[in-house]
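**Student:**
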Amino acid sequence: MFKISLLTLGVAWTTAVQALECHSGGLLVPRPRGVQRLEAVQNALANLTSTLDKAFSGEIQAGFNVQNTSVSMGLVSFDQVDPSVPVWEYHRLSPANIRGTKRIDRHSQYLIGSVTKAISDAILLQHDLNLDDPITKYIPALDEKSSLIRWENITLGALAGQVAGVVPNYGFSEYYYLKDVFEALGFPRLDNASYPECGVIALNGPCSKEELLKGMLLSHPIAPPHSRPVYSNVAFTLLMYAVESVTGKNMTQLFGDFSAALGMFSTRPSPGDEHLAVIPPVDNTWGADFGDNVPGGGLVSTLADLSAFVQAILARSPILGSETRIRAWLQPGAFTGSPDSTVGMPWEIYRPDPSLLFPSGEGHTVTILSKDGGSYGYHARISLLDEYGVGLVILTAGDQSALGAVLSTAASIFIPAVDNAAREQAKTIYSGRFKSTSTPESSSTFNNSSIIVEATAEIDASSLKLTRLSRDGQDILAGLETVWAATAGQFLSAEMLNLTREWRLYPAEITRERNRILNDSNVAVIEEDWRLAWGLQSELPGAGIFAGDCLLWALADWLHYGRESVDRVVFVREAGTGRVLGLEVPFLRSGVMWIVG
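Taken in order, the sequence shown gives residues 1 to 597; the numbers are from full-length UniProt numbering.
(1) Among residues of its own chain, excluding the 5 on either side of ALA16, which ones have a beta-carbon nearer than 6 angstroms to its beta-carbon?
(2) Per DSSP, what kind of secondary structure is ILE275 in: helix, strand or coil?
(3) In its own chain, which residues sit with a C-beta less than 7 angstroms from the C-beta of LEU111, not counting the 5 before and 5 after it?
(4) What residue range is occupied by the uninterrupted beta strand (DSSP E) comprising ALA380?
(5) Would you mind reading off the limits of the beta strand (DSSP E) that contains MET216?
(6) Let's test the definition: count the other Cβ atoms within 10 Å of the Cβ of ASN522 and tell me whether it reaches 16, buried, or not, exposed.
(7) Might you give, ordered along the chain, the residues of its own chain that have their beta carbon closer than 6 angstroms to the beta carbon of MET240, omitting 5 neighbours on each side?
(8) I'd like to know if the stretch 191-205 and the stretch 145-163 are in contact, where contact means that at least 3 CB-CB pairs between them fall below 8 angstroms.
(9) In its own chain, which residues sit with a C-beta less than 6 angstroms from the C-beta of ALA417, not counting the 5 before and 5 after it?
(10) Would you list the residues sitting across from GLN109 in a DSSP beta bridge?
(11) My understanding is that TYR506 touches ALA533, with C-beta atoms under 8 angstroms, so please give their C-beta distance in whole angstroms.
(12) Return the bridge partner residues of GLY582 from the DSSP annotation.
(13) Pull up the distance between the alpha-carbon of ALA485 and that of VAL596, whole angstroms please.
(14) Using CA coordinates, which residue listed in LEU588, LEU407 and LEU559 is at the minimum distance from GLN474?
(15) From this set, THR365, PHE265 and MET345, which residue's C-alpha is nearest PRO83's C-alpha?
(16) DSSP on ARG514, reduced to helix/strand/coil?
(17) What are the residues that DSSP puts in a beta bridge with LYS54?
(18) So does the stretch 100-114 actually touch the stretch 362-373, counting three or more Cβ pairs closer than 8 angstroms?
(19) Kindly indicate which three-state DSSP category PHE335 falls into: helix, strand or coil?
(20) Please state whether DSSP places GLN474 in a helix, a strand or coil.
(21) Under the rule that 16 or more other beta-carbon atoms within 10 Å means buried, what is GLU502, buried or exposed?
(22) Measuring CB atoms only, is the stretch 72-88 touching the stretch 311-321, in the sense that at least three cross pairs come out at less than 8 angstroms?
(23) When DSSP labels each residue in this structure, what does PHE258 get in the three-state scheme?
(24) What's the gap between the Cα of ALA260 and the Cα of CYS198?
(25) Distance, Cα to Cα, ASN515 vs ARG579?
(26) Contact check, VAL390 vs VAL66 under 8 angstroms by CB: the rounded distance?
(27) Less than 7 angstroms between the C-beta atoms of residue 639 and GLY165, yes or no?
(28) In whole angstroms, give me the CA-to-CA distance for GLU59 and THR409.
(29) With which residues is VAL393 paired in a DSSP beta bridge?
(30) What is the rounded straight-line gap between the Cα of TRP558 and the Cα of LEU477?
(31) Assign residue 684 to one of two classes, buried (16 or more other C-beta atoms within 10 Å of its C-beta) or exposed (fewer than that).
(32) Would you decide whether GLY591 is buried or exposed? Buried here means 16 or more other CB atoms lie within 10 Å of its CB.
(33) Just to confirm the assignment, what range does the alpha helix (DSSP H) spanning residue 608 have?
(34) Could you give the first and the last residue of the continuous alpha helix (DSSP H) run that contains LEU403?
(35) Do VAL393 and LEU303 have their C-beta atoms closer together than 7 angstroms?
(36) Looking at chain D, is there any beta carbon in it that lies within less than 7 angstroms of the beta carbon of HIS275?
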């Protein structure tokens, strides 16, 4: 008889930065469920509420004009019961407001500026247009040899992802009302005919579709397509023209259909409803008609509506398209000049220095996908922390610097808490000791096999960790190190191989629902794939130059034993309750090992 044992699966921390930061990507632990019920999150949200109250009351310095500023913000979770009701929300109405609502709540309306772009991209995805198609396929008027911009080389995806290299605006970038100031500063005097024929504030009206397309043929390119990010509002107008050409619906109808599908009944092109509006006591654009510029930044919305939008993204709602398409939507598409920032479609993606989010030093890189939006007197942002299944919605009216201060405060308080809660929940659900029975479910030759997994006690860890794997008293993990050193030696010199004894498990986000015969009973289960990752470190001179270039993503599923990957383990969970029943290590032909503590 053979005996297999696996010892200690749990949550643990490593002091080696490379071992922590270098993994295959994706989730470190599963997304926490019911975040509003988790103690760490409850304490953090109470702290955040108290801190904001103190700032708006003047008890602590806010760094912005609190008297002129209104705010509505909320925490959104992928599994919240009502998509339009955040799991936490905070509101404050400026006492200086004269116009608009006198009672602020999640249904109060704000201008959301360029947050609109995320909704425009969602509409594009919803209609399943081919992102590799050139814009000229849908707008033939741009297919003009005299055009300074070669529109036939610009795809829908380039426009949606801010990498088309085209102008940000047409007409709007002219500050005609500062004409006298320019002249006083030595700029040449211009007659009105020198300005665009439409879209210029204080000179002429909004552009018609024909006028805008004519202007696009006269505009200079800023950069070659896909060479670097170039912010563009007009790109999103062109995208909506493309969707209009396919659907036969105008912009108002397209935004209306999308909003209705997600229950976003207050989200519409400006102007909104003044009796519901948060109208600040500063210069503002409430009530403006953005015309065909709406797709780039002309919607009004509410905390309730944007909560529903963010929840749909986090929960991979089929209303937005296939799960695969949504995942692709959340990926970066171009670098910026910053080492911590990338651009998506149309996401502004930022990875803060972990030491700023986790001052204790026990932290890791967190990816924040945001869309920021500004309109005179208004500043809005939606931020997705997809790895935790949560998002933040912040709407402000008044001092436009308020959002940055509020966002930084929220991130510093909330992110460490939800990170801790995620790992604590993973520890509770997945860690434990597992042991096989003498009659394993599979027709394995390893009868009387047993696998034992123990949890560690640390709560400030990065991931689940496999600390011992043995079969019949033999240390399988040590054996894997030997085999890995031999196989990796094909690519790396022996001097470069300093294998760690950190064996970490990361959720693969691959699940299967099936019935299995377990303990002579037919049980509906969910099989959850996890992947085992190990790290390579080098002590050679100069190794630090590329220390941050993590290549573990290239090693997934690299080593097999009898057609089974040695980095794949499977948690078996009860379908109805989600309770972990056991663990399976396929390359050891272990069968299901039952949780025993």
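Glycine is no exception: its CB is placed at the ideal position from the N, C-alpha and C atoms.
**Tutor:** Result, derived from the coordinates:
(1) Confidence at ALA16 is low in this model, with a pLDDT of 35, below 50, so its placement is unreliable and the value that follows should be read with caution. Excluding positions up to five away in sequence, the list is empty.
(2) At residue 275 the sequence reads His, which differs from the Ile that was named. Helix, per DSSP.
(3) SER270, THR285, TRP286, VAL300, SER375 and TYR378
(4) 378-385
(5) No beta strand (DSSP E) holds MET216; the alpha helix (DSSP H) holding it covers 209-218.
(6) exposed
(7) MET251 and PRO295
(8) no
(9) ALA40, VAL41 and ALA44
(10) ALA277
(11) 6 angstroms
(12) VAL572 and TRP594
(13) 34 angstroms
(14) LEU588
(15) PHE265
(16) strand
(17) LYS54 is not bridged to any residue.
(18) yes
(19) strand
(20) strand
(21) buried
(22) yes
(23) helix
(24) 32 angstroms
(25) 15 angstroms
(26) Rounded, the Cβ-Cβ distance is 27 angstroms, inconsistent with contact.
(27) For residue 639 there is no data in the structure shown, the boundaries of the chain being 1 and 597.
(28) 16 angstroms
(29) GLY74 and ILE382
(30) 16 angstroms
(31) With the chain running from 1 to 597 in the structure shown, residue 684 is simply not present.
(32) buried
(33) Because the chain is modelled from 1 through 597, residue 608 falls outside the range shown and cannot be assessed.
(34) 402-430
(35) yes
(36) Among the chains in the structure shown there is no chain D, since it carries only a single protein chain.
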